[in-house]
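Participant:
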DNA sequence: AAGTATACCAACCGCGAGCGC
DNA sequence: GGCGCTCGCGGTTGGTATACT
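In full-length UniProt numbering, the protein residues as written are 1 to 201.
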């Protein structure tokens with residue numbers, strides 16, 4: 001396997017690794033406030049951080065950026081993630097783009113630690129295996145709850161036309177089948193207002 | 001209370017795409 | 001067209017917290 005260009009890797013000179021300190025965060029935020037979130041290598045240098053640009057970018061994108069929402073992923077968000085993952089696969093940045101305030105890293109982590117397990121359990125159950133434990137039963141019931149809400153096609157939807165369009169396509173069980181390119185492009189171009197409505201409920 | 005297993009998540013790594021020279 | 005640099009993405013790792021025995 002060919003090595004990545006040297007420029008894309010953090011060098012030994014940029015020795016500081018591991019968890020960021022409050023002081024580092026502050027320095028990084030100050031430099032970005034002045035120079036903007038670009039040219040990460042020079043941002044790192046200007047901040048006097050012993051970090052590579054890549055690390056600075058990641059820290060900013062996933063933690064320091066304004067309007068970041070952290071933790072407490074709602075049922076609606078979870079539902080949306082499930083639907084979008086079904087539609088887009090592991091395109092975490094695209095999925096995150098449809099969830100205001102959420103980062104690709106957070107969604108990826110949430111998927112890997114929560115949702116993938118739930119889905120495996122659900123599939124297992126669908127294949128007719130016995131559910132083993134109370135914990136697993138709970139997870140399966142949670143999945144059923146999500147599926148039920150989709151099938152009901154109610155609760156979280158507003159009545160305005162755009163919202164109901166996207167809501168129906170997202171939650172209607174009929175879209176469990178193959179999703180068309182037309183649907184996908186329509187969905188991905190959807191205005192953020194629908195998501196704001198969703199979060200306001 | 002102590003040791004071990006599991007879950008969670010921040011951070012790192014490698015790669016590819018895009019851009020300017 | 002080739003090269004180097006930067007950026008963004010997705011996969012993976014490792015440290016910490018929590019649950020379990």
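From the three backbone atoms N, C-alpha and C, an ideal C-beta is built for every residue, glycine too. Note that this is a predicted model, so its numbers are computed, not measured.
Can you tell me the Cα-Cα spacing of residue 74 and residue 117, whole angstroms?
Facilitator: The residue given as residue 74 occupies position 74 in the first chain. The residue given as residue 117 occupies position 117 in the first chain. Each residue's alpha carbon lies about 18 angstroms from the other.
Participant: If you draw a straight line from the alpha carbon of residue 271 to that of residue 125, how long is it in whole angstroms?
Facilitator: What is shown of the chain runs 1 to 201, which leaves residue 271 out entirely.
Participant: Mind checking residue 21: buried by the 16 CB within 10 Å criterion, or exposed?
Facilitator: Along the first chain, read from residue 1 onward, the residue named residue 21 stands at position 21. The residue is exposed, with fewer than 16 neighbouring Cβ atoms inside 10 Å.
Participant: Give the DSSP-derived three-state secondary structure of residue 99 in the structure shown.
Facilitator: The count along the first chain starts at 1 and reaches residue 99 at position 99. Coil at residue 99, not helix or strand.
Participant: Between the C-alpha atoms of residue 42 and residue 107, what's the straight-line distance to the nearest angstrom?
Facilitator: As a first step, residue 42 is located in the first chain; it is residue number 42 there, counting from the start. As a first step, residue 107 is located in the first chain; it is residue number 107 there, counting from the start. Going from the Cα of residue 42 to the Cα of residue 107 covers about 29 angstroms.
Participant: Let me confirm a value: residue 19 is counted as buried when at least 16 other C-beta atoms fall within 10 Å, else exposed. Which label applies?
Facilitator: Position 19 of the first chain, counted from the start, is the residue given in the question as residue 19. That one is exposed.
Participant: For the alpha helix (DSSP H) containing residue 114, name the first residue and the last one.
Facilitator: In the first chain, counting from the first residue as 1, residue 114 sits at position 114. It is not in any alpha helix (DSSP H) - residue 114 carries neither H nor E in the DSSP assignment.
Participant: Pull up the distance between the alpha-carbon of residue 98 and that of residue 70, whole angstroms please.
Facilitator: Residue numbering aside, residue 98 sits at position 98 when the first chain is read from its first letter. Residue numbering aside, residue 70 sits at position 70 when the first chain is read from its first letter. Their Cα atoms are separated by approximately 16 angstroms.
Participant: Please state whether DSSP places residue 73 in a helix, a strand or coil.
Facilitator: Sequence index remark: in the first chain, residue 73 carries index 73 (1-based). Looking at residue 73 - three-state DSSP - the assignment turns out to be coil, as it is neither helix nor strand.
Participant: Using only CA atoms, which one of 121, 80 and 38 lies nearest to residue 102?
Facilitator: Here the question's residue 102 lines up with position 102 in the first chain. With distances taken between Cα atoms, residue 102 lies closest to 80.
Participant: Please report how far the alpha carbon of residue 84 lies from the alpha carbon of residue 96, in whole angstroms.
Facilitator: To locate residue 84, count along the first chain from 1; it is residue 84. To locate residue 96, count along the first chain from 1; it is residue 96. Residue 84 and residue 96: Cα-Cα distance of roughly 10 angstroms.
Participant: Return yes when the C-beta of residue 100 is under 8 angstroms from any heavy atom of the ligand FMN, and no when it is not.
Facilitator: In terms of ligand content, the structure shown is empty, and the ligand FMN therefore cannot be addressed.
Participant: Hey, how far is the Cα of residue 119 from the Cα of residue 62?
Facilitator: The residue you call residue 119 lines up with position 119 of the first chain. The residue you call residue 62 lines up with position 62 of the first chain. Rounded to the nearest angstrom, the two C-alpha atoms are 26 angstroms apart.
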